[in-house]
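Here the structure comes first, spelled out in structure tokens, and everything after it is commentary.
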Amino acid sequence: TSLLILNGPNLNLLGQRQPHVYGATTLAEIEAICRAKAQAMGLGLDFAQSNSEGALVDAIHAAKGTHDGIILNAGAYTHTSIALMDAISSVELPAIELHLSNVHAREEFRHVSYIARVAVGVICGFGPAGYELAIDAMARHLEARK
Ligand code: DQA
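Read in order, the letters of the sequence shown are residues 2 to 147 in full-length UniProt numbering.
Okay, here's the thing in structure tokens:
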């Protein structure tokens, strides 16, 4: 079983970016946490980030046949991208929508999600720990489907 964790725009700046909102942990640190968690659970893991919507679409397409589930923190594209929503529908892989912050406690425009419409579920508001929760949730989802 292999998971893809995909991170969208501006998440490369984690640690420096609005730390009062997103915390002090860098994306490299989050990746290390995820790799340790996946290894302990016996799961394969790829972890990637792109600022470009098309590259994220390409990464979702490439996951078909190579990965069993996608954990997606699409950043601001969550709230705008029909293309990412369609990409997830197209590959027919289970996806979990993830956010560091509790988007529902923030601006109205962050309450809208195209990803949620095609996701198994949504995890938000738990900071970096959300990535570990999402790995757990995806493993349980895949196990339950067997
Ligand atoms: C985010 C929430 C989005 O609304 C925002 O645009 C981000 C980060 C989060 O992880 O909290 O870039 O996805």
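Ideal Cβ placement from N, Cα and C applies to all residues, glycine included. The structure displayed is predicted, hence computed values, not measured ones.
ask   = Helix, strand or coil: how does DSSP classify Ile-116 here?
value = Translated into positions along the sequence shown, residue 116 becomes position 115. For Ile-116, the secondary structure class from DSSP, reduced to helix, strand or coil, is coil.
query = Between the beta-carbon of Met-49 and the beta-carbon of Leu-5, is there less than 9 Å?
reply = In the sequence shown, residue 49 corresponds to position 48, counting from 1. In the sequence shown, residue 5 corresponds to position 4, counting from 1. Going by the sequence as given, residue 49 is Ala instead of Met. In terms of Cβ geometry, Ala-49 and Leu-5 form a close pair [threshold 9 Å].
ask   = At what residues does the alpha helix (DSSP H) containing Leu-101 begin and finish?
value = The residue labelled residue 101 in the question sits at position 100 within the sequence shown. For Leu-101, there is no enclosing alpha helix (DSSP H), as DSSP gives it neither H nor E.
query = What are the start and end residues of the beta strand (DSSP E) that includes Val-123?
reply = Indexing the sequence shown from 1 puts residue 123 at position 122. From DSSP, the beta strand (DSSP E) with Val-123 extends over 122–125.
request  = In angstroms with no decimal places, state the Cα-to-Cα distance between His-80 and Met-139.
outcome  = If you number the sequence shown from 1, residue 80 lands on position 79. If you number the sequence shown from 1, residue 139 lands on position 138. Taking the straight line from one Cα to the other gives about 22 Å.
message = Residues in the same chain with beta-carbon distance under 6 Å from Leu-101, minus the five sequence neighbours each way, listed in chain order, please.
response = Indexing the sequence shown from 1 puts residue 101 at position 100. Sequence-distant partners of Leu-101 (beyond 5 residues in either direction) whose C-beta falls short of 6 Å from its own C-beta, in its chain, are Tyr-23 and Gly-128.
ask   = Within 10 angstroms of its Cβ, does Pro-20 collect 16 or more other Cβ (buried), or is it exposed?
value = Taking the sequence shown and counting its residues from 1, the one referred to as residue 20 is at position 19. Around the Cβ of Pro-20, a 10 Å sphere holds fewer than 16 other Cβ atoms; the residue is exposed.
query = Of the choices Asn-8, Met-42 and Gly-43, whose alpha-carbon is the least far from that of Thr-27?
reply = As a working note, residue 27 is residue 26 in the sequence shown. The shortest C-alpha separation from Thr-27 is found at Asn-8.
task = Counting only the same chain and skipping the five closest in sequence on each side, list residues whose C-beta sits under 7 Å from that of Ser-82.
result = Sequence index remark: in the sequence shown, residue 82 carries index 81 (1-based). Glu-54, Ala-75 and Tyr-115.
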